[in-house]
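A.B. asks: My questions will all concern the structure given below.
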Amino acid sequence: MKKINIIFITFFIIISSFNPLINATETPAIQDTMITEPQSSGENNSEVIANENDLMEENENITNTTGRIVETKETKEIVTGTVKDKVQEVVVEIIEGDYIGEEFTTDYVLSYDIDGKILAYELEKGDKVSVQLTEDNQGNVTATVLDVIRAQYLIGLFVLFLISILIVGGKKGIKAILGLLLTILLIYFIMVKGIFKGQDAIKNSIVTIGLIIIGTFIIIGDGINKKILTAALGTLGGVLSAGIIALIFNNMAKMTGACEDAIQLSINMTTINFNFRELLFAGIIVSALGACMDVGMSIASSLDEIKMKNPDITWKELLKSGMNIGRDVIGTMTNTLILAYVGGSLTLILLFMACNMGIMEILNKETIAQEIISAIAGSMGVVFTVPITSFVYSILNKDKVIYEKNAKNKINGKRSLKI
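This is the structure we're talking about:
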């Protein structure tokens, strides 16, 4: 019970200490956002304002709300010029807001592209959907189904994940969940919100991963000891190594960090600008953090067990043992990162190949090159975690005396007194 209280107190202190920082940066960031203007010519600004005014005159009121599908009808194909869309006629009941209880018949567009090659799932009765209601000057209301609401399924999956941890991990599982929650809170409240409010992404991400490493290892470990300190320092060294390598090669390859999704979203941003190069660095070190933590703790825990079983082992032997253990871990952990990045880019790679692009042309695409640099830099972070962790633990235990080595403590040639 005492250890659990210490964990909760540590958790509370870490979160509370950063609340003033978050609140302090909130007001200036809002003011900066309010005075920032789109960087475009006066003529383009006039056209945008005119278009917005026309839209407001035509559509007096636009409301985003939630609905439930109460009836599904036929699926049909609509041709508009050269564009073919596959649509499903549905009846949707509004379940939130001013129009609650009202039903609207509308078409749900299933086509994601103009040729109809990529299709959405057809809606079924009972599906919850996001709906946009448009009321014109005459009071006529039309409904447009925007997308399926998936939040409840994500929450269900997360709950199943937590239950699995508790069943398999037992008491250790509780600590694992606390560590996970701490990581989520730190990333959201410090890293994400901090960067959004204009803080330096590189510095912010380094501070965040430092707090995650310290907090997580304190929670899952048995307090602060040499094993936990070793794992923390080894992990931090590996992650920073990954970040430095990524930063160097991103600059050499002139990576902008502006992938297709970022470009599309930035078109709609008129009040805030992000440094996509810094965000690329932040994303890489956060991605590498989990694998480096795994390797760091595995080696530190193994060396700690070796030291307990063989107290007379020298620091050089400890270092050698750590390197041998790390070499076995490196093979699987580097594959983990590489496969994760490949899996995330698989669809895009296949689409590039379908456009008759050669392998070198595909690799030269910034979106793919960004994933390659991230995967290799993250894997190198895992590699460097091994010697850093092994060296730190061996040095911390270099002068540790376990047994007296004089003759008075020997019986028949064997040590007998532990101090």
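Okay, so the sequence shown: first residue is 48 according to the numbering used here, each after it adds one. Quick reminder that beta carbons are idealized off the backbone N, C-alpha and C, glycines included.
#1: Excluding the 5 residues flanking residue 268 on each side, which residues of the same chain have their C-beta closer than 6 Å to its C-beta?
#2: Would you mind stating whether residue 426 and residue 384 have Cβ atoms separated by less than 8 Å?
#3: Applying the criterion that 16 or more other CB atoms from any shown protein chain within 10 Å of the CB defines a buried residue, is residue 88 buried or exposed?
#4: Beta-carbon within less than 8 Å of residue 415's beta-carbon, same chain only, minus the 5 sequence neighbours each way: which residues are those?
#5: With 16 as the cutoff for other CB atoms within 10 Å, does residue 152 come out buried or exposed?
#6: With burial defined as no fewer than 16 other Cβ atoms inside 10 Å of the residue's Cβ, what is the status of residue 139: buried or exposed?
#7: Need the endpoints of the alpha helix (DSSP H) that residue 364 sits in, please.
#8: Do residue 180 and residue 166 have their C-beta atoms closer together than 8 Å?
#9: Rounding to the nearest angstrom, what Cα-Cα distance links residue 190 and residue 145 in this structure?
#10: Does residue 197 come out as helix, strand or coil in the three-state DSSP assignment?
#11: Here's a check: name, in chain order, each residue in its chain whose Cβ is nearer than 8 Å to the Cβ of residue 213, leaving out the five neighbours to either side.
#12: What number of angstroms, rounded off, separates the C-alpha of residue 262 from the C-alpha of residue 341?
#13: Which one or two residues does DSSP pair with residue 246 in a beta bridge?
#14: With residue 179 as the anchor, note down where its beta strand (DSSP E) starts and where it stops.
#15: Short of 6 Å in beta carbon distance, which residues of its chain neighbour residue 226, apart from the five on each side in sequence? Order them along the chain.
#16: What's the C-alpha gap between residue 367 and residue 257?
#17: What are the start and end residues of the beta strand (DSSP E) that includes residue 143?
#18: Which class does residue 321 belong to by DSSP, given the choice of helix, strand or coil?
#19: Who does residue 168 pair with in a DSSP beta bridge?
#20: Quick one: what does DSSP say residue 190 is sitting in, helix, strand or coil?
#21: Could you tell me whether the Cβ atoms of residue 420 and residue 293 are closer together than 8 Å?
#22: Helix, strand or coil: which one does DSSP assign to residue 351?
#23: Using the C-alpha atoms, what's the distance from residue 133 back to residue 252?
#24: Please look up how many angstroms separate the CB atoms of residue 255 and residue 339, rounded, as I've assumed it's under 8 Å.
#25: Inspect the beta-carbon positions of residue 328 and residue 249 and report whether they are closer than 8 Å.
#26: Thinking C-beta only, is residue 176 closer than 8 Å to residue 202?
#27: What distance in whole Å lies between the Cβ atoms of residue 155 and residue 192, which are believed to be in contact at a cut-off of 8 Å?
#28: Who are the Cβ neighbours of residue 150 in its own chain at under 6 Å, not counting the five residues just before and after it?
#29: Using the three-state DSSP reduction, which class does residue 328 fall into: helix, strand or coil?
#30: Would you please state the rounded distance, in angstroms, between the beta carbons of residue 41 and residue 443? I believe it to be under 8 Å.
#31: At which residues does the alpha helix (DSSP H) containing residue 151 begin and terminate?
#32: DSSP state of residue 263, grouped into three classes?
#33: Please state if the CB of residue 436 and the CB of residue 330 are separated by a distance shorter than 8 Å.
C.D. replies: On the basis of the supplied data:
#1: Here residue 268 refers to the residue found at position 221 of the sequence shown. Hits under 6 Å: 275.
#2: The sequence position of residue 426 within the sequence shown is 379, counting from 1. The sequence position of residue 384 within the sequence shown is 337, counting from 1. For residue 426 and residue 384, yes; Cβs fall inside 8 Å.
#3: Here residue 88 corresponds to residue number 41 of the sequence shown, with the count starting at 1. Unreliable placement is indicated for residue 88, whose pLDDT of 42 sits below 50; the coordinate value is still reported in the next sentence. Residue 88 sits exposed, since fewer than 16 C-beta atoms from the chains shown fall within 10 Å of its C-beta.
#4: Residue 415 sits at position 368 when you count from the first residue of the sequence shown. The residues are 392, 395, 396, 399 and 409.
#5: Residue 152 sits at position 105 when you count from the first residue of the sequence shown. When all chains shown are included, residue 152 counts as exposed.
#6: Position 92 of the sequence shown, counted from the first residue, corresponds to residue 139. With 16 or more other Cβ atoms from the protein chains shown falling within 10 Å of its own Cβ, residue 139 counts as buried.
#7: As a first step, residue 364 is located in the sequence shown; it is residue number 317 there, counting from the start. 362-401 is the span of the alpha helix (DSSP H), which, as asked, contains residue 364.
#8: Against the sequence shown, residue 180 aligns to sequence position 133. Against the sequence shown, residue 166 aligns to sequence position 119. No.
#9: In the sequence shown, counting from the first residue as 1, residue 190 sits at position 143. In the sequence shown, counting from the first residue as 1, residue 145 sits at position 98. So the alpha carbons of these two residues sit roughly 13 Å apart.
#10: Position 150 of the sequence shown, counted from the first residue, corresponds to residue 197. If DSSP states are grouped into helix, strand and coil, residue 197 belongs with coil.
#11: Your numbering for residue 213 matches position 166 in the sequence shown. Close CB contacts of residue 213 within its chain, under the 8 Å cut and outside five residues either way in sequence, are with 220, 221 and 224 (chain order).
#12: As a working mapping, residue 262 is identified with position 215 in the sequence shown. As a working mapping, residue 341 is identified with position 294 in the sequence shown. Using only the alpha carbons, I get a separation of about 15 Å.
#13: Locating residue 246 in the sequence shown gives position 199, where the first residue counts as 1. DSSP lists no partner for residue 246.
#14: Taking the sequence shown and counting its residues from 1, the one referred to as residue 179 is at position 132. Start and end: 175-183.
#15: On the sequence shown, residue 226 is found 179 positions in, with the first residue counted as 1. 263, 266 and 267.
#16: Translated into positions along the sequence shown, residue 367 becomes position 320. Translated into positions along the sequence shown, residue 257 becomes position 210. A straight line joining the alpha-carbon of residue 367 with that of residue 257 spans about 27 Å.
#17: Position 96 of the sequence shown, counted from the start, is the residue given in the question as residue 143. Unbroken run through residue 143: none, as it is neither H nor E.
#18: Position 274 of the sequence shown, counting from 1, holds the residue named residue 321. Per DSSP, reduced to three states, the secondary structure at residue 321 is coil, with no helix or strand assignment.
#19: Taking the sequence shown and counting its residues from 1, one reaches residue 168 at position 121. Per DSSP, none; premise fails for residue 168.
#20: Walking along the sequence shown from the start, residue 190 turns up at place 143. Here residue 190 sits in strand by DSSP.
#21: Mapped onto the sequence shown, residue 420 falls at position 373. Mapped onto the sequence shown, residue 293 falls at position 246. Contact flag set, yes.
#22: Within the sequence shown, residue 351 is the residue found at index 304, counting from 1. Here DSSP, grouped into helix, strand and coil, assigns residue 351 to helix.
#23: For the purposes of this step, residue 252 is taken as the residue at position 205 of the sequence shown. For the purposes of this step, residue 133 is taken as the residue at position 86 of the sequence shown. If you take the alpha carbons of residue 252 and residue 133, they lie about 44 Å apart.
#24: Residue mapping note: residue 255 aligns to position 208 of the sequence shown, counting from 1. Residue mapping note: residue 339 aligns to position 292 of the sequence shown, counting from 1. About 14 Å; that fails the 8 Å criterion.
#25: Position 281 of the sequence shown, counting from 1, holds the residue named residue 328. Position 202 of the sequence shown, counting from 1, holds the residue named residue 249. Taking 8 Å as the Cβ cut-off, residue 328 and residue 249 qualify as a contacting pair.
#26: Within the sequence shown, the letter at position 155 stands for residue 202. Within the sequence shown, the letter at position 129 stands for residue 176. Pairing residue 202 with residue 176 gives a Cβ-Cβ distance that is not under 8 Å.
#27: Along the sequence shown, read from residue 1 onward, the residue named residue 192 stands at position 145. Along the sequence shown, read from residue 1 onward, the residue named residue 155 stands at position 108. At roughly 4 Å, the Cβ-Cβ gap stays under 8 Å, so residue 192 and residue 155 are in contact.
#28: Locating residue 150 in the sequence shown gives position 103, counting from the first residue. Apart from the 5 residues on each side of it in sequence, residue 150 sits with its Cβ closer than 6 Å to the Cβ of 138 and 140 in its chain, given in chain order.
#29: Residue numbering aside, residue 328 sits at position 281 when the sequence shown is read from its first letter. In the structure shown, residue 328 sits in a helix (DSSP, three-state: H, G or I).
#30: This structure leaves residue 41 out entirely; the chain is present only between 48 and 466.
#31: Indexing the sequence shown from 1 puts residue 151 at position 104. Looking at the DSSP string, residue 151 is not in any alpha helix (DSSP H); the run it does join, the beta strand (DSSP E), is 150-156.
#32: As a working note, residue 263 is residue 216 in the sequence shown. In the three-state scheme derived from DSSP, where H, G and I count as helix and E and B as strand, residue 263 is classed as helix.
#33: Within the sequence shown, residue 330 is the residue found at index 283, counting from 1. Within the sequence shown, residue 436 is the residue found at index 389, counting from 1. No, they are not a contact pair.
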